[in-house]
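Student: Those protein sequence lines, which keep their order, are chains A and B. When the letters of the first sequence are read in order and numbered with this note's numbering, they come out as residues 51 to 526. When the letters of the second sequence are read in order and numbered with this note's numbering, they come out as residues 51 to 526. Built from N, CA and C at the ideal position, the CB exists for glycine as well. The structure displayed is predicted, hence computed values, not measured ones. Input: one structure, supplied below.
There are 2 protein chains.
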Amino acid sequence: MDVFLDPAIGRNKSEALFEQLREAIVSGRLHHGDRLPATRVLAAELGVARSTITTVYGRLVAEGYVEGRAGGGSSVSYRRAGASESPTRPTTLSAPNLGLLDTTRWSLGGFDAAPPAFDLRSGRPDPAFFPLLEWRRAMSDALHVAPTGYMEPAGRADLRRALAHWVQRSRAVDADPDQVMVTAGAQQGVDVIARLLLRPGDVVAVEDPGYPPVRSLFLALGAAVVPVPVDRDGLVVDRIPDDARLVYVTPSHQSPTGAVMSLDRRRALLDLAERRDLVIVEDDYDSEYRHEDRPLEPLHRLDRNGRVVYVGTFSKTLAPSLRLGFLVLPTALVHDATTLRSLMDWQPPDASQRALHRFVTDGALDRHLRRTRRRYRERHALVAAFCHDAAEQGLVAEAHHHVAGLHTTVHLPQGVAEAAVRARAGHDGVALGDYGQCWQAENHPEGLIIGFGAVTTDDLPEALRRVDSALRHAAG
Amino acid sequence: MDVFLDPAIGRNKSEALFEQLREAIVSGRLHHGDRLPATRVLAAELGVARSTITTVYGRLVAEGYVEGRAGGGSSVSYRRAGASESPTRPTTLSAPNLGLLDTTRWSLGGFDAAPPAFDLRSGRPDPAFFPLLEWRRAMSDALHVAPTGYMEPAGRADLRRALAHWVQRSRAVDADPDQVMVTAGAQQGVDVIARLLLRPGDVVAVEDPGYPPVRSLFLALGAAVVPVPVDRDGLVVDRIPDDARLVYVTPSHQSPTGAVMSLDRRRALLDLAERRDLVIVEDDYDSEYRHEDRPLEPLHRLDRNGRVVYVGTFSKTLAPSLRLGFLVLPTALVHDATTLRSLMDWQPPDASQRALHRFVTDGALDRHLRRTRRRYRERHALVAAFCHDAAEQGLVAEAHHHVAGLHTTVHLPQGVAEAAVRARAGHDGVALGDYGQCWQAENHPEGLIIGFGAVTTDDLPEALRRVDSALRHAAG
């Protein structure tokens, strides 16, 4: 073995030598039983003080790489794990829950890719609307206080009070601050509830078509996910399987069809929950953006028996990458949900909670919503008109009526495939939502999701013109 | 039924009236089949335009609360769910996984309580050391960019590169940026791995004594958690059960005893992992704070087969409430772990990732660590001297040697109970760590955990004087 010292190393010779010898031993260049050069010899060879070598050998002995020999001198005492095999061979390590993940049909990717020229994907608010200045100020104020140690897993008491008040005022959801849990967006909110309530094999009813990331989450937890059809009145409650333990719904603005769940269905669902000891998870993901006067009341409002878990999020109203949302939990679940949450990630980050608290209580959120509602309403009108015209011309089979949110959906004429339209539009720089991914049923209608959150109002007409052209092309 | 309009309501009369009637129906004051007053009559009564009443009734019909009657007029069509029962009766709702949570022996509480006069609990860094100004600046810079939509679940590519570089430099952990996942502290890191690898009933080996929140997490996932003893050389590898699937260890600075795992044990553990297809989770929670020159190498360094998941955190070096940590994953697990993470909470928040990136790359983190290392070393010396003296005087049976971290541990003499010492110290305004909670074995030694992260250096001597007095008192 060659031992050498890089002259550039300067002062820290003993550290460099230790590291070099250690590496030689661990990598197998020096084998178990190999003798190290005598300290005197190596010192002379390297032109360093003998004490430097002694120190290094001492450390190697202390760390267990080297041992003193009976006849004097030192030898390598380290034996590499699996030394006979190639260190780069592929590991056999595998994730047993990989099977579950595979069944979720959930795919990632494209996060780092360049954004499309025209982004008509769903669930994305306009980054240009983000109240950067106000949020920065709120964050900066939040960071004038030194962070303390571990804090409340359900979130800051002041923020939970503010959110309870806000969700009452804006969505008529009655919530005691104790029932509120601050979460990393809606996704973590559903995760908390699902982990608390579901055992592998439990039956979960979801809307079909529905919201893929939550369906995939249930599958990843080993639940038996049963698709329940959706019509113009929302979830077809009669079709919920008898053995369902949890029902996940988007009653205010069904994701993705836009159906508003009728009062009859709501009553039926609540009745069912009471009869069968069901939990209803209500994801109220984007109804802050109403485009008509008709109010979209949460199901939670009608629940008198603590059967509904309300899931709120600031991903659509502010930005997904803030990771801020909340749950309104039935009182019966508060304690357990909080315990579980503390084991998942202890608590939400403190500074963004402080910032959100200020944002909610000083009216900045309300002002932001008023401003953005108006602007999204313009876009909604453009897209609704486009869909109407396309239906008139037979380019789409049916244009769903959306009273809220940041996307709209249409069905395609017989023989026209979503994939063909999306491919053509993609070729033209337009990314559309993925309607097919929302479906579990095999023979589902072909359709399109047209999001208008992330495209600018100026760009929207051109984007829609390109969708029109893709529709014409796909229709042959 | 009395219908009235609050004169203060002003413009929004139709909204107020709608709400009042809806509430009357939902609450049961108006029953199914009850007739509503004729529009003309009610308009006259309330002194509003008849069109206002017509609009309101129209909305009630549209929402399904009211229906038109054959003979003209409108009647209530809503039937309350469970109307015959008291609306406030307690729900039967329960969490089936509550049983698992109960077995975790994990208790929360006291998060909002006033902090103790002298905080000697473990795992808490000094909030006064937090680099508030630099962090605020980094966050403010991060918030000059409008947040985009959903981003990489494993964290920003630039931050993962920076962390891979940093952990190589500071902890000699070889990591490709693709193997790094940004997490909400170490707890979420372990959660990702545990959810990926464990099925209910799987055997997990943990150190005894060990770190309670992680043990509780495994239990909450339904794992069979087997305690494995710890001695001066760390985890007793021979005692790992044959059917273990995952081993959780703190080899650099065993939590809580402080033992540094010997090289023999490390080799044995890695050999075992390879023979039995085990995964080792290495929690390197506080070894940035070394108090002696002896390096504490991570187990990950010796792993040549991708068996070790390295868990890092900024909770001890910066602050727990930032919720920032990371994993270095074996390549074989990267894809699945990322998929799972996206279903848990999509991604880490963006702004704090940007801030951390800047903090790591511009040297602020290194500067911060140099500053704080020196200051914690002072405290460590004070506590070590105290423990040494107490041992000399027979007040403690054994003072463990801690080469790193923010706490130290001692064993108590025969007949002296931790509870008695902590109660007395608590009475005197001193909060100590909870040693008993770290144990699973029934007949475990009594001991104390003395944390020195959260107490000031000035206060520390007085705090230790009070511990001394509590020890004397408990010894009778």
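Consider the Cβ of A:Arg-186: report whether some Cβ of chain B lies at a distance smaller than 8 angstroms.
Tutor: Here the question's residue 186 of chain A lines up with position 136 in the first sequence. By this cut-off, A:Arg-186 is an interface position.
Student: Span of the beta strand (DSSP E) holding A:Asp-528?
Tutor: What is shown of chain A runs 51 to 526, which leaves residue 528 of chain A out entirely.
Student: Any contact between the region 312-330 of chain B and the region 287-299 of chain B? By contact I mean 3 or more CB pairs, one from each, below 8 angstroms.
Tutor: Yes, they touch.
Student: Regarding B:Val-361 and the ligand GTP, is the C-beta to nearest heavy atom distance less than 7 angstroms?
Tutor: Looking at this structure, you won't find the ligand GTP or any other ligand, since it has none at all.
Student: CB A:Val-276 to CB A:Ala-255, shorter than 8 angstroms?
Tutor: Taking the first sequence and counting its residues from 1, one reaches residue 276 of chain A at position 226. Taking the first sequence and counting its residues from 1, one reaches residue 255 of chain A at position 205. In contact: A:Val-276 and A:Ala-255 (Cβ atoms closer than 8 angstroms).
Student: For A:Gly-483 and A:Pro-197, I'd like the C-alpha separation in whole angstroms.
Tutor: Here residue 483 of chain A corresponds to residue number 433 of the first sequence, with the count starting at 1. Here residue 197 of chain A corresponds to residue number 147 of the first sequence, with the count starting at 1. Each residue's Cα considered, the two are about 40 angstroms apart.
Student: So, at 6 angstroms on beta carbons, what are the nonlocal neighbours of A:Thr-300 in its own chain, with the 5 sequence-adjacent residues on each side left out?
Tutor: Residue numbering aside, residue 300 of chain A sits at position 250 when the first sequence is read from its first letter. The residues are Asp-333.
Student: Spatial neighbours of B:Glu-428 within its chain, please: CB distance less than 7 angstroms, with the 5 preceding and 5 following residues excluded, ordered by chain position.
Tutor: Taking the second sequence and counting its residues from 1, one reaches residue 428 of chain B at position 378. Correct list, in chain order: Thr-507.
Student: Reducing DSSP to helix, strand and coil, say where B:Gly-118 ends up.
Tutor: Your numbering for residue 118 of chain B matches position 68 in the second sequence. Here B:Gly-118 sits in strand by DSSP.
Student: Roughly how many angstroms lie between the CA atoms of B:Ala-66 and A:Asn-355, to the nearest whole one?
Tutor: Numbered from its first residue, the second sequence carries residue 66 of chain B at position 16. Numbered from its first residue, the first sequence carries residue 355 of chain A at position 305. If I take the Cα positions, the gap works out to 26 angstroms.
Student: For a test of the three-state rule: what should DSSP assign to B:His-81, helix, strand or coil?
Tutor: Counting from 1 along the second sequence, the entry for residue 81 of chain B is found at position 31. Correct three-state label for B:His-81: coil.
Student: From A:Leu-182 to A:Tyr-339, what distance separates their C-alpha atoms?
Tutor: By one-based count along the first sequence, residue 182 of chain A stands at place 132. By one-based count along the first sequence, residue 339 of chain A stands at place 289. Between A:Leu-182 and A:Tyr-339, the C-alpha separation is close to 20 angstroms.
Student: B:Pro-227 CB to nearest chain A CB: under 8 angstroms?
Tutor: Stepping through the second sequence from its first residue, residue 227 of chain B is reached at position 177. Closer than 8 angstroms: no.
Student: Of all the options A:Ala-525, A:Ala-467, A:Ala-274, A:Trp-396, which has the alpha carbon lying nearest to the alpha carbon of A:Gly-205?
Tutor: Start at 1 with the first residue of the first sequence, and residue 205 of chain A comes out as number 155. Cα-wise, what sits closest to A:Gly-205 is A:Trp-396.
Student: With DSSP run on the structure shown, which of helix, strand or coil describes A:Tyr-261?
Tutor: In the first sequence, the residue the question calls residue 261 of chain A occupies position 211. A:Tyr-261 falls in the coil class under three-state DSSP.
Student: Is DSSP giving B:Gly-356 helix, strand or coil here?
Tutor: As a first step, residue 356 of chain B must be located in the second sequence, where it is residue number 306. Coil, per DSSP.
Student: Are the C-beta atoms of A:Glu-492 and some chain B residue less than 8 angstroms apart?
Tutor: In the first sequence, counting from the first residue as 1, residue 492 of chain A sits at position 442. Closer than 8 angstroms: no.
Student: Cβ atoms of A:Gly-455 and A:His-303: under 8 angstroms apart, would you say?
Tutor: Looking up residue 303 of chain A in the first sequence gives position 253. Looking up residue 455 of chain A in the first sequence gives position 405. Yes. Within cutoff.
Student: So what's B:Ala-481 in DSSP terms, helix, strand or just coil?
Tutor: Taking the first residue of the second sequence as 1, we reach residue 481 of chain B at position 431. Strand, per DSSP.
Student: Taking 8 angstroms as the CB-CB limit, is A:Glu-37 close to chain B?
Tutor: Given a span of 51 to 526 for chain A in the structure shown, any question on residue 37 of chain A remains unanswerable.
Student: B:Leu-267 touches chain A at which residues, Cβ-Cβ below 9 angstroms?
Tutor: In the second sequence, the residue the question calls residue 267 of chain B occupies position 217. Going along chain A in sequence order, the residues near B:Leu-267 (Cβ under 9 angstroms) are Leu-393, Met-394.
Student: Interface residues of chain B around A:Asp-528 at Cβ under 7 angstroms?
Tutor: This structure gives no information on residue 528 of chain A, because the portion of chain A shown stretches from 51 to 526.
Student: Closest to A:Arg-210 by C-alpha separation, out of A:Leu-377, A:Pro-250, A:Arg-423, A:Ala-525, would be which residue?
Tutor: Residue numbering aside, residue 210 of chain A sits at position 160 when the first sequence is read from its first letter. Of the candidates A:Leu-377, A:Pro-250, A:Arg-423, A:Ala-525, the one whose C-alpha sits nearest the C-alpha of A:Arg-210 is A:Leu-377.
Student: Which chain A residues sit within Cβ distance under 7 angstroms of B:Ser-190?
Tutor: As a first step, residue 190 of chain B is located in the second sequence; it is residue number 140 there, counting from the start. Chain A residues near B:Ser-190: Arg-186, Ser-190.
Student: So, is B:Gly-251 buried or exposed, given that buried needs 16 or more other C-beta atoms within 10 angstroms?
Tutor: Sequence index remark: in the second sequence, residue 251 of chain B carries index 201 (1-based). So B:Gly-251 ends up on the exposed side.
Student: Per DSSP, A:Gly-497 is paired with what?
Tutor: Residue numbering aside, residue 497 of chain A sits at position 447 when the first sequence is read from its first letter. DSSP output for A:Gly-497 lists A:His-461 as bridge partner(s).
Student: Report yes or no: is there a C-beta of chain B within less than 8 angstroms of the C-beta of A:Leu-170?
Tutor: By one-based count along the first sequence, residue 170 of chain A stands at place 120. No, its Cβ sits nowhere closer than 8 angstroms to a Cβ of chain B.
Student: 8 angstroms is my cut-off, CB to CB: does A:Ala-167 come that close to chain B?
Tutor: Translated into the one-based positions of the first sequence, residue 167 of chain A becomes position 117. No, A:Ala-167 lies away from the interface with chain B (no Cβ there is under 8 angstroms from its Cβ).
Student: Could you tell me whether any Cβ in chain A is nearer than 8 angstroms to the Cβ of B:Val-76?
Tutor: Taking the second sequence and counting its residues from 1, one reaches residue 76 of chain B at position 26. Cβ-Cβ to chain A under 8 angstroms: yes for B:Val-76.
Student: I'd like the span of the beta strand (DSSP E) that includes B:Ser-124, first residue to last.
Tutor: Position 74 of the second sequence, counting from 1, holds the residue named residue 124 of chain B. 124-126 is the span of the beta strand (DSSP E), which, as asked, contains B:Ser-124.
Student: Using a Cβ-Cβ distance under 8 angstroms, would A:Ser-371 count as near chain B?
Tutor: Indexing the first sequence from 1 puts residue 371 of chain A at position 321. Yes - at least one Cβ of chain B is within 8 angstroms of the one on A:Ser-371.
Student: Looking at C-alpha atoms only, which residue of B:Val-433, B:Lys-366, B:Ala-491 is the closest neighbour of A:Tyr-200?
Tutor: One-based indexing of the first sequence puts residue 200 of chain A at position 150. The option with the nearest alpha carbon to A:Tyr-200 is B:Lys-366.
Student: Is there a C-beta anywhere in chain B that falls below 8 angstroms from the one on A:Leu-390?
Tutor: For the purposes of this step, residue 390 of chain A is taken as residue 340 along the first sequence, with counting starting at 1. With 8 angstroms as the cut-off, A:Leu-390 counts as an interface residue toward chain B.
Student: Name, in chain order, the residues that DSSP records as bridge partners for A:Phe-168.
Tutor: Along the first sequence, one-based indexing puts residue 168 of chain A at 118. Looking at the DSSP assignment, A:Phe-168 forms a beta bridge with A:Val-480.
Student: Excluding five sequence neighbours on each side, which residues of the same chain lie with their C-beta closer than 6 angstroms to the C-beta of A:Thr-105?
Tutor: As a working mapping, residue 105 of chain A is identified with position 55 in the first sequence. Within the same chain, A:Thr-105 has close Cβ partners Ser-64.
Student: At a CB-CB cut-off below 7 angstroms, which residues of chain A make contact with B:Asp-400?
Tutor: Here residue 400 of chain B refers to the residue found at position 350 of the second sequence. Within 7 angstroms Cβ-Cβ: Ser-371.
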